[in-house]
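Residues 160 to 299 in the working numbering are what the sequence shown lists, from first letter to last. No residue lacks a Cβ here, since even glycine has one placed at the ideal position from N, Cα and C. Bear in mind that the values here come from a model prediction, so they are computed numbers and not experimental data. Okay, so here's the structure we're looking at.
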Amino acid sequence: MTDDAYLFLVDSTAVTLGVQPTGVGDLACMDTPAVRAWLDAQGVDATSPLLRILPPEDTAAVPEDAERLPVPLSEEELARVRGQEALPAATEIEKELLAYRSLTDGREDLIKRALSAGVPAHRVSQLSGEDLAAVKAAAG
Numbered sequence: 160m161t162d163d164a165y166l167f168l169v170d171s172t173a174v175t176l177g178v179q180p181t182g183v184g185d186l187a188c189m190d191t192p193a194v195r196a197w198l199d200a201q202g203v204d205a206t207s208p209l210l211r212i213l214p215p216e217d218t219a220a221v222p223e224d225a226e227r228l229p230v231p232l233s234e235e236e237l238a239r240v241r242g243q244e245a246l247p248a249a250t251e252i253e254k255e256l257l258a259y260r261s262l263t264d265g266r267e268d269l270i271k272r273a274l275s276a277g278v279p280a281h282r283v284s285q286l287s288g289e290d291l292a293a294v295k296a297a298a299g
């Protein structure tokens, strides 16, 4: 895990991983020479719908082939990114996933409901403690 969040580019606006930086308000890192140079090198600007950001705990989900840049965020900025990242429909199911380890019945159903609610597979794996491959298999 890294202490930095990651800016990265997705291939399509249909990808739901991360949040658009413009959706979380002003981020100080967006005005740095490093970020501006990276955006210029990628041929996009800060308002591109293909530009996304993830908090440090979720950066493992950034696709291997994605163009990416680590960026520092203040605690307040990080809270806004995390808050925007959580889908309203997924918030309740994430609470259930945190209690997952004590469940004896309905584990697979809970994983399927979480995935259906829009919780990304990597997040389900983090919250439940299940292996990512098992989570993806349950989505089957």
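Query raised in the report: Just the Cα atoms here: how many angstroms apart are Val294 and Leu269?
Result: 11 Å
Query - N-terminal and C-terminal residue of the alpha helix (DSSP H) that Leu274 is part of - result: First-last of the alpha helix (DSSP H) with Leu274: 266-275.
**Report entry** Residue from Glu267, Asp199, Leu213 with nearest C-alpha to Leu176
**Finding:** Of the candidates Glu267, Asp199, Leu213, the one whose C-alpha sits nearest the C-alpha of Leu176 is Leu213.
Report task. Could you tell me the boundaries of the alpha helix (DSSP H) in which Ala200 lies? Result -> 192-201
**Report entry** Other residues of its chain near Glu236: CB distance less than 6 Å, five sequence neighbours each side excluded
**Finding:** Leu186
Requested in this report: Measure from the alpha carbon of Gln285 to the alpha carbon of each residue in Leu168, Val178, Ala220, then state which is nearest.
Outcome: Ala220
Query raised in the report: Quick one, which of Leu256, Gly299, Asp264, Ala297 has its alpha-carbon nearest Gly288's?
Result: The residue with the shortest Cα to Cα distance from Gly288 is Leu256.
Query raised in the report: Which term fits Glu244, buried or exposed, when burial requires 16 or more other beta carbons within 10 angstroms of its beta carbon?
Result: buried
Requested in this report: Quick one: give me the first and last residue of the alpha helix (DSSP H) that Leu228 is part of.
Outcome: Going by DSSP, Leu228 is part of no alpha helix (DSSP H) but of the beta strand (DSSP E) stretching over 227-230.
Query raised in the report: How long is the line joining the alpha carbons of Leu228 and Cys188, rounded to whole angstroms?
Result: 11 Å
Query raised in the report: Should Arg239 and Gly277 be called a contact, given that it needs their Cβ atoms to be closer than 8 Å?
Result: In this structure, Arg239 lies away from Gly277, with their beta-carbon atoms at least 8 Å apart.
**Report entry** First and last residue of the uninterrupted alpha helix (DSSP H) at Leu291
**Finding:** Where Leu291 is concerned, the enclosing alpha helix (DSSP H) starts and stops at 291-298.
Requested in this report: Would you kindly check if the distance between the Cβ of Leu209 and the Cβ of Thr181 is under 8 Å?
Outcome: no
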